[in-house]
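In the working numbering, the protein residues as written are 6 to 297.
Virtual Cβ for every residue (Gly too), placed ideally from N, Cα, C.
What follows is a set of notes on a single structure, which appears directly below.
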């Protein structure tokens, strides 16, 4: 019995010794970490005392906080300079010609191929889009690749209430603006009247005034490929429309639709022809002389 008690006693003593060793080991680790942390705090305090790191951090924070404004200001400067160039062209003081390629009523499946072709040619265009489900990737790609995402009202229902009143038109503009902003983070500032501004009839002046109050300008077109008349329009006819309507113009706003293969199959030819005629390609913007 005594031998058994001795064994139990020795086991208890052994356990206590191991426990004490473990406790001292953890105390050692804590002290070591505290010493390392104290050194880091002292080093940081020294730098903060010099004012060096705080100023540097504040400068970086300021840059990031204002980056959106900086980008916006650069765009405003860029577009203002383009507007000055347009004025010079119209006064005959510049030999530069400007082409604004515009695509209405999308996005569609064909929009992918249009964007691929524009990217291959390093061209920025303008897409007057509608409100559609399931095409978020196309809206985003238009913005991400530097094209202008423009407002063509949400539904484009010319005969279904769009032009019943100024309110009905403006409500569709606002609906599309908010819809596109939720998807892309980009707010539109130019609009194209479905059917063109004359389609608004006696409502046009009131609508335009309301658009201006919202920060919008509207853009019609100077030239077209005629592809809105028929999806089955022959390619030779699309080309003829283009040639006839761009003749003798130094600033061209070319109306096309990114659902029509007749236009798409001529698009590279149109680009090559315009470049040969001295045109540069730009995306439309709110400050353009073509935006009213």
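Counting along the chain, the unbroken alpha helix (DSSP H) around residue 275 starts and ends at 266 to 281. Every alpha helix (DSSP H) stretch that sits fully inside the segment 132 to 167 and reaches 4 residues is listed by chain position as 141 to 149. Membership of residue 243 in the alpha helix (DSSP H) is indicated by the continuous run 240 to 251.
Per DSSP, reduced to three states, the secondary structure at residue 225 is coil, with no helix or strand assignment. For the pair residue 192 and residue 223, the CB atoms are not nearer than the 8 Å cut-off.
The Cβ-Cβ distance between residue 108 and residue 130 falls below 8 Å. Residue 225 is positioned such that its CB atom lies no closer than 8 Å to that of residue 200. If you look at residue 123, you'll find it in the alpha helix (DSSP H) that goes 115 to 125. For residue 219, DSSP assigns no beta-bridge partner whatsoever. If you draw a straight line from the Cα of residue 241 to the Cα of residue 221, it comes to about 36 Å.
Counting along the chain, residue 189 sits inside the alpha helix (DSSP H) bounded by residues 171 to 189. Partner residues in the beta bridge of residue 259, as assigned by DSSP, are 106, 228. Annotated as distal: residue 105 and residue 248, with beta-carbon spacing of 8 Å or more. Segment contact: the segment 90 to 102 against the segment 112 to 127, fewer than three CB-CB distances shorter than 8 Å; contact not assigned. Closest in alpha carbon position to residue 83, among 290, 112, 114, is 290. Inter-residue distance for residue 287 and residue 90 is about 12 Å (C-alpha atoms, whole angstroms). Look at the beta carbons and you see the segment 170 to 188 not touching the segment 261 to 271: under three pairs across the two are nearer than 8 Å.
Taking 8 Å as the cut-off, the beta carbon of residue 177 is found no closer than this to the beta carbon of residue 204.
Distance from the CA atom of residue 169 to the CA atom of residue 280, rounded to whole angstroms, is 42 Å. Rounded to whole angstroms, the gap between the alpha carbons of residue 179 and residue 259 is 25 Å. For residue 128, the three-state secondary structure derived from DSSP is coil. Residue range 284 to 286 is occupied by the beta strand (DSSP E) that includes residue 284. With a cutoff of 8 Å on beta-carbon distance, residue 284 and residue 102 are scored as near each other. Here residue 274 is exposed. Its C-beta has fewer than 16 other C-beta atoms within 10 Å. Comparing C-alpha distances from residue 213 to each of 228, 194, 81 shows the shortest one belongs to 194. Straight-line measurement puts the Cα of residue 246 at about 6 Å from the Cα of residue 229.
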